[in-house]
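If you're matching them up, the sequences are chains A and B in order.
Numbered by our numbering, the letters in the first sequence go through residues 1 to 316 in order.
Numbered by our numbering, the letters in the second sequence go through residues 317 to 709 in order.
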Amino acid sequence: MSGVLARRDRALTPEETEELLRDRLGEAAVVGSVVEYGVFTLRIAQEHWLEAARRCRDEPLLAYDLFDNLFAVDMREEGFDVVTVLYSTSTGNRLVLRTRCAGGREAPTCPSISDVYRGANWMERETWDMFGIEFEGHPGLAPRILTVENFEGWPLRKDFHLVSRGVKPWPGVKEPAELDEDGNVIERVPRIGDAPGPYELDKVIAEQAKLANPVPEPVTAEGGNVEELAQDADLASDSGQVLTSADEQAAEEAEAQASDVAADVAGAQAQDLEQTAKDKAEQRRREQAEARRRKAEERAADADDAGAAPDQEGNA
Amino acid sequence: MSELSTRERIHPGTAPGEDYHLEIVGEGDFATADMTLSIGPAHPATHGVFRIVLEMDGERVRSARPVIGYMHRGFEKLAEYRDYRQIMALVNRHDWLSGFSNELGVALAVEQLMEFEVPDRAQWIRMLMAEWNRVLNHLMFVGSFALELGAITPMFYAFREREDIQHMMEAATGGRLHFTYNQVGGVKIDLPKGFLRTSAELTTITRKRLVDYRDLILGNEIFQARTKGVGALPTDVALSFGVTGPTLQATGLPEDSRVTEPYLKYGEIDVPVPVGENGDAFDRFFCLLGRIEASLDIIDQVLDHIGPGPVNSKLPKMVKAPEGATYVRTENPLGQLGYWLESDGGRTPWRLKMRTPSFSNVQAIPYLLEGVLVPDAVAVLGSVFFVVGDIDR
């Protein structure tokens, strides 16, 4: 797809397009531009977002008539980018407009271009559904278009963790995305300010159910609450065995990095984590031993019963 | 009394919690009741769990509101947790009638980021498979659209061809719907012996049978009466909605990614693009049939060009795309499919946005349904070809 930008004779080159838009919208409107892999991207200042889209459609030399795409990209601490892809059926040019949302991660907002392109209506609803970006001037972002109506949180933000992994660790070998270069498991520790997900909702429901019909909570040897352990367990791997080996590796790494000044903080955190994880593993091992002992006793009791009445069993 | 003035006298509900006010309007024998009709989520005319709420004024649709999201599976989020090889098995599921074409877009995007050279034979095989996939998809809609209008026979005819083609593709890929045949750098394995000969035979047979479809459906008076002039879509509105594929071509615009932005080897061969005139349901179906024939023509040309050689290239142990972003648009059977792939240099995509054709096409349905009669609404719904998984992702 290399010859896309100069296919038809009257099509403007990226440089000419940028110059034209700078002329029409003012110098401050276009923040930057880049052509990579044959895709021409223009960064637009947010105040000029709506006007830029309108110009792209109405300017006879540009004539971007086919509304292709609109979505957001998580830019970590910097907030969110809204990207729209336009295509011109008359010149064959494709243009990507990109803008940074105002309001950072807390309350991202962006002007709506649903007045300019009809197709932007649903795309913006989807973007709001996935990222929580408010589009000013949109006829109605709610109800949520793809997720269920009472869904909590913004699923495509990076601080929203994949629920299935949070509730239950992946069985067997981890997927490549969750392993680092040497095959060690990358532990994902939730950060402060994370969006609440359905998992949190479940916890609230469970909490309410517990209040409605209280049951005496089983207490472990250390006095720790079993449910707390279960909740902690989703940070760790699925079994104590795996946990310890992963911990040993983490400890080795921490030692190796000890000389490095920059790694000191990370090392301290790793050690903290390691300590709590080790405690948990210890508790769990004790519980398992207890369960095994109980089971063995039961089995012994069963065997005694069977021995007392061998005739019945033989007949059966 | 004109319908317009009758409609103007209907007011939405004023009491709290009341959507609309049920009131007899009109006079004498022409009295009608305002009514909300909910089609779906499990209605045969919708090909999946898709719901559309119609505000009715007697037999006429006053406004339509599609309700989507029943099949949302969060593919975009799941893709961020999988590496580029695993994504292939994920993306061929959103539009289950065009599995191969879905994979193709991701493969092209990753190869573009990694600057991978794909062997010639692999590219021709990809084209061959993509076109057969297109024929499979369109045959399905030929059958189902006729079925929605009350004709059951074309469905059986269409499935006869579909079975033959699926058998052939199964021999090469091992799958009937989810092929997972693409991989970064080429295709999984070479074609089995005799595949090209079977392909050539099947194009001849399918082309012969297309004549039957034309006579049976397009030439049918009932079909023409039900579809001609129904649900006409102007070109500028279609473009503003982002409608593509046969629905856009029916409006008279020969826009097709294979011609306007050639990928793979489409630039080296002749790609016929059928166009309609009025953009109505009849034209959409006409374009659908025309696209089958175009695909068969392309397959014949591919069979002339395809030569021996390797079908994939050796991948590094770790597939990592360098930092950057790209946008790949391919012509899927139902319209243009776009993948925005943004990478932060890791082994998983930072962001993979799917621009699925059905999502944009379905957006135009409220526009098309405004003012049509109920039986025509079914014809409109069936003629805007969409797959619900492709809308909801």
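The C-beta atom is built at its ideal place from N, Cα and C for all residues, glycine as well.
8 Å Cβ cutoff, residue i in contact with chain A
i, result
"Ser676 of chain B", "yes"
"Arg442 of chain B", "no"
"Gln428 of chain B", "yes"
"Glu658 of chain B", "yes"
"Gln571 of chain B", "Residue identity check: residue 571 of chain B is Glu in the sequence provided, not Gln. Yes - at least one Cβ of chain A is within 8 Å of the one on Glu571 of chain B."
"Arg600 of chain B", "no"
"Gln439 of chain B", "no"
"Thr543 of chain B", "no"
"Gln540 of chain B", "no"
"Asp411 of chain B", "no"
"Lys581 of chain B", "no"
"Lys669 of chain B", "yes"
"Thr576 of chain B", "yes"
Pair within 8 Å by beta-carbon distance, residue i and residue j
i, j, result
"Leu433 of chain B", "Ser629 of chain B", "Sequence check: residue 433 of chain B is Glu here, not Leu. Yes."
"Thr89 of chain A", "Glu571 of chain B", "yes"
"Glu152 of chain A", "His138 of chain A", "no"
"Thr551 of chain B", "Thr563 of chain B", "no"
"Asp706 of chain B", "Asp411 of chain B", "yes"
"Ile614 of chain B", "Leu455 of chain B", "no"
"Asp74 of chain A", "Gly654 of chain B", "no"
"Leu452 of chain B", "Leu413 of chain B", "yes"
"Pro673 of chain B", "Gly651 of chain B", "yes"
"Val627 of chain B", "Pro508 of chain B", "no"
"Leu61 of chain A", "Thr84 of chain A", "no"
"Phe416 of chain B", "Tyr497 of chain B", "yes"
"Gly119 of chain A", "Gln565 of chain B", "no"
Best match in the options for proximity to residue i [C-alpha to C-alpha]
i, options, result
"Ser556 of chain B", "A:Leu273, A:Ile133 and A:Ser114", "A:Ser114"
"Asn150 of chain A", "A:Asp129, A:Arg10, A:Leu86 and A:Ala52", "A:Asp129"
"His161 of chain A", "B:Gly606, B:Leu580, B:Lys393 and B:Val365", "B:Lys393"
"Glu106 of chain A", "A:Gln283, A:Glu47, A:Gly132 and A:Gly119", "A:Gly132"
"Trp440 of chain B", "B:Ile622, B:Val422 and B:Gly545", "B:Ile622"
"His359 of chain B", "B:Thr352, B:Ile521 and B:Arg367", "B:Arg367"
"Leu42 of chain A", "A:Glu51, A:Glu78, A:Gly32 and A:Arg144", "A:Gly32"
"Ile145 of chain A", "B:Ile384, B:Pro590, B:Ser354 and B:Gly545", "B:Ile384"
"Gly491 of chain B", "B:Leu697, B:Ile355, B:Gly662 and B:Arg409", "B:Arg409"
"Gln482 of chain B", "B:Ala680, B:Asn449 and B:Leu465", "B:Asn449"
"Asp307 of chain B", "B:Phe391, B:Ser379 and B:Gly510", "Lying outside 317 to 709, the shown extent of chain B, residue 307 of chain B is not represented and no answer is given."
"Ile538 of chain B", "B:Ala462, B:Arg398, B:Leu668 and B:Met387", "B:Ala462"
Residue-chain proximity (residue i, chain B), Cβ-Cβ < 8 Å
i, result
"Asn69 of chain A", "yes"
"Trp122 of chain A", "yes"
"Ile145 of chain A", "yes"
"Glu78 of chain A", "no"
"Glu36 of chain A", "yes"
"Arg10 of chain A", "no"
"Pro60 of chain A", "no"
"Gly132 of chain A", "no"
"Leu50 of chain A", "no"
"Leu66 of chain A", "yes"
"Gly137 of chain A", "no"
"Pro108 of chain A", "no"
"Leu42 of chain A", "no"
"Asp238 of chain A", "Legend: pLDDT at Asp238 of chain A = 44, less than 50; position of this residue unreliable, value from coordinates given subsequently. Taking Cβ atoms only, chain B never reaches closer than 8 Å to Asp238 of chain A, which makes this a no."
"Arg294 of chain A", "no"
"Asp234 of chain A", "Here Asp234 of chain A scores only 48 on pLDDT, less than 50, and its place in the model is too uncertain to base an answer on."
"Pro155 of chain A", "yes"
"Gln241 of chain A", "Residue confidence for Gln241 of chain A is low, a pLDDT of 44 falling below 50, so the modelled location carries little weight; the figure read from the coordinates is stated next. No, no contact with chain B."
Own chain residues within Cβ distance below 7 Å of residue i, not counting five before or after
i, result
"Glu375 of chain B", "Leu689 and Val690"
"Leu429 of chain B", "Ala637, Pro638, Gly640, Thr642, Leu657 and Ser659"
"Val48 of chain A", "Looking at the sequence itself, residue 48 of chain A is His, so the reference to Val does not match. Around His48 of chain A: Leu25 and Ala29."
Sequence-distant residues of the same chain with beta carbon closer than 6 Å to residue i, five excluded per side
i, result
"Arg671 of chain B", "Gly654"
"Arg94 of chain A", "Tyr87"
"Gly459 of chain B", "Pro470, Met471 and Ala474"
"Val618 of chain B", "Trp440, Met443 and Leu444"
"Ala102 of chain A", "Gln46 and Thr109"
Contacts around residue i, its chain only, beta-carbon distance under 8 Å, and the 5 residues preceding and following it disregarded
i, result
"His363 of chain B", "Ser460, Phe702, Val703 and Val704"
Any non-hydrogen atom of the ligand COA within 7 Å of residue i CB
i, result
"Asp552 of chain B", "In the structure shown, the ligand COA is absent, as is every other ligand, since no ligand is present at all."
**Message:** Give me the subset of the region 368-394 of chain B whose CB atoms are less than 7 Å from a CB atom of chain A, sorted by chain position.
**Reply:** Of all residues in the region 368-394 of chain B, Ile384, Gly385, His388, Gly390, Glu392 and Lys393 have a Cβ within less than 7 Å of some Cβ in chain A.
**Item:** Under 8 Å (Cβ pairs) to chain A, residues found in the region 640-655 of chain B
**Value:** Gly640, Ala641, Thr642, Tyr643, Val644, Arg645, Gln652 and Gly654
**chain A contacts made by the region 556-569 of chain B, where a contact means CB separation under 7 Å** = Ser556, Phe557, Gly558 and Leu569
**Item:** Cβ-based contacts, 9 Å cut-off: residues of the region 79-106 of chain A near chain B
**Value:** Val83, Val85, Tyr87, Thr89, Gly92, Arg94 and Val96
**Request:** Can you give me, in chain order, the residues of the region 492-506 of chain B that have a beta carbon less than 8 Å from any beta carbon in chain A?
**Result:** Within the region 492-506 of chain B, not one residue has a Cβ closer than 8 Å to any Cβ of chain A.
**Item:** Short-range partners of chain A found in the region 505-527 of chain B, where Cβ spacing is below 7 Å
**Value:** none
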